[in-house]
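In terms of UniProt numbering, the sequence shown opens at residue 1 and continues consecutively. Beta carbons: idealized from backbone N, C-alpha and C, even for Gly. Quick caveat: nothing in here was measured; it's all calculated off a predicted structure.
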Amino acid sequence: MIYAVYLPFVVSLLAAGCAPLIAARFPARIATWTLTAFAVVAAVCGTVSLALLAASHGASGASPNPVPVVVAVAATVLLPLSLLSGAVMLVRRRRALRSVRRAYLGSDAAVIPEGDDPVVEVDTARPLAFSLPGDRRRPGRVVVSRGMVEGLDAAERVVLRAHEWSHLRRGHHRLVTAVRLAAAVNPLLRPVAAAATFAVERWADEDAAAVSQDRRLTASAVGKAALLASAYRTGGHDEEVDTLGVDGAVRVAGVLRVSGALGVSGAITGLRRPGVVPRRVAALLAPPLPSRPWWTAVCVLVMLAVVAAAAEGAYDLGGLLGFWTVG
Numbered sequence: 001m002i003y004a005v006y007l008p009f010v011v012s013l014l015a016a017g018c019a020p021l022i023a024a025r026f027p028a029r030i031a032t033w034t035l036t037a038f039a040v041v042a043a044v045c046g047t048v049s050l051a052l053l054a055a056s057h058g059a060s061g062a063s064p065n066p067v068p069v070v071v072a073v074a075a076t077v078l079l080p081l082s083l084l085s086g087a088v089m090l091v092r093r094r095r096a097l098r099s100v101r102r103a104y105l106g107s108d109a110a111v112i113p114e115g116d117d118p119v120v121e122v123d124t125a126r127p128l129a130f131s132l133p134g135d136r137r138r139p140g141r142v143v144v145s146r147g148m149v150e151g152l153d154a155a156e157r158v159v160l161r162a163h164e165w166s167h168l169r170r171g172h173h174r175l176v177t178a179v180r181l182a183a184a185v186n187p188l189l190r191p192v193a194a195a196a197t198f199a200v201e202r203w204a205d206e207d208a209a210a211v212s213q214d215r216r217l218t219a220s221a222v223g224k225a226a227l228l229a230s231a232y233r234t235g236g237h238d239e240e241v242d243t244l245g246v247d248g249a250v251r252v253a254g255v256l257r258v259s260g261a262l263g264v265s266g267a268i269t270g271l272r273r274p275g276v277v278p279r280r281v282a283a284l285l286a287p288p289l290p291s292r293p294w295w296t297a298v299c300v301l302v303m304l305a306v307v308a309a310a311a312e313g314a315y316d317l318g319g320l321l322g323f324w325t326v327g
């Protein structure tokens, strides 16, 4: 069973292929939790496996060593790199959040509400709408610009705010941070992180649809917000956007925006498919997805099997290498 120590890496590759299907065909809440939990489990198990494989280099407990030298050396190199990548991701996110807060909440153009209203309106023509998580000193905020407010009608603005409020109320930024950290530690999980982020947006879309009681209106608001942002970027305002200096910070910080990719993705690989926003709109125009308890149970069992198999493989390998005594 020592070969089970490699199982987290194999499962990560398989998950990369299955994640888009789970994000699209499971109810958004279930898909988000399933993908996030799977990414975290795979990242933790993979890190433990890397540590054990790296420790096998030069171990004298087994003769011959069950771990090839090239594998042990590769693990020795990859382990600190993966941990460093995770640490860098967290530091960059923290700094980016501070930059976004200074740019929007600390500017003279921001109208900070009194009381429990989380919506901050920013006096800029650039169409903006995103949720900004809070911290110990500041509450979370929904940031909406004048350009976005003027581009939507009253009903669409209700949808927009409901979408962003869903992100804050449900703590979606924590899930996104967890899955992105897992992908930083284990790059094989990047497709899983992308799928989980898509599922989070679908979750907020469904919450907004529940508030508006109109799925077509919600789809229209999501598409219109994305079109407004896209038209602004391509309408000769690039210099203004660049001088704000926060576009990159918004992406790094992982704040959740109602607008997203409109175009066709996968053009380089030849696997062309609609962008994020068209897929979200299509999901809203379709009936709500039924719950799939059996498939959810299967996913949970697979995660438990991965943990159990990886743990047994690590235990057996550690015994062969003399790290502990196998009874």
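Contact under 9 Å by Cβ, residue i with residue j
i, j, result
"A162", "V211", "yes"
"R292", "F9", "no"
"V179", "L189", "yes"
"V23", "A183", "Residue identity check: residue 23 is Ala in the sequence provided, not Val. For A23 and A183, no; Cβs fall outside 9 Å."
"S56", "V48", "no"
"A204", "A221", "no"
"R216", "L105", "no"
"D214", "A154", "no"
"V144", "V158", "no"
Residue nearest to residue i in terms of C-alpha spacing, selected from the options
i, options, result
"E312", "L52, P27, A23 and F38", "L52"
"T124", "L160, M148, R138 and R279", "M148"
"V281", "A43, L83, V302 and T218", "T218"
"R101", "V11, V142 and T76", "V142"
"R202", "V185, N186 and S166", "S166"
"V307", "G46, W33, E150 and Q213", "G46"
"V119", "Y6, L160, R170 and A37", "L160"
Under the three-state DSSP convention, the category residue i falls into
i, result
"S145", "strand"
"L132", "strand"
"V5", "helix"
"V119", "strand"
"R98", "helix"
"T218", "helix"
"A286", "coil"
"A19", "helix"
"T26", "The question names Thr, but residue 26 is Phe in the sequence shown. Three-state result, F26: coil."
Chain B within 9 Å of residue i, Cβ atoms only
i, result
"V41", "This model lacks chain B altogether, as it is built from one protein chain only."
Environment of residue i [buried if 16+ CB atoms lie within 10 Å]
i, result
"P191", "buried"
"G17", "exposed"
"L175", "buried"
"A297", "exposed"
"T32", "buried"
Residue i beta carbon near the ligand MG (any heavy atom closer than 8 Å)
i, result
"P278", "In terms of ligand content, the structure shown is empty, and the ligand MG therefore cannot be addressed."
Evaluate the contact criterion for the segment 215-233 versus the segment 125-132: three or more CB pairs, one atom per stretch, below 8 Å. yes
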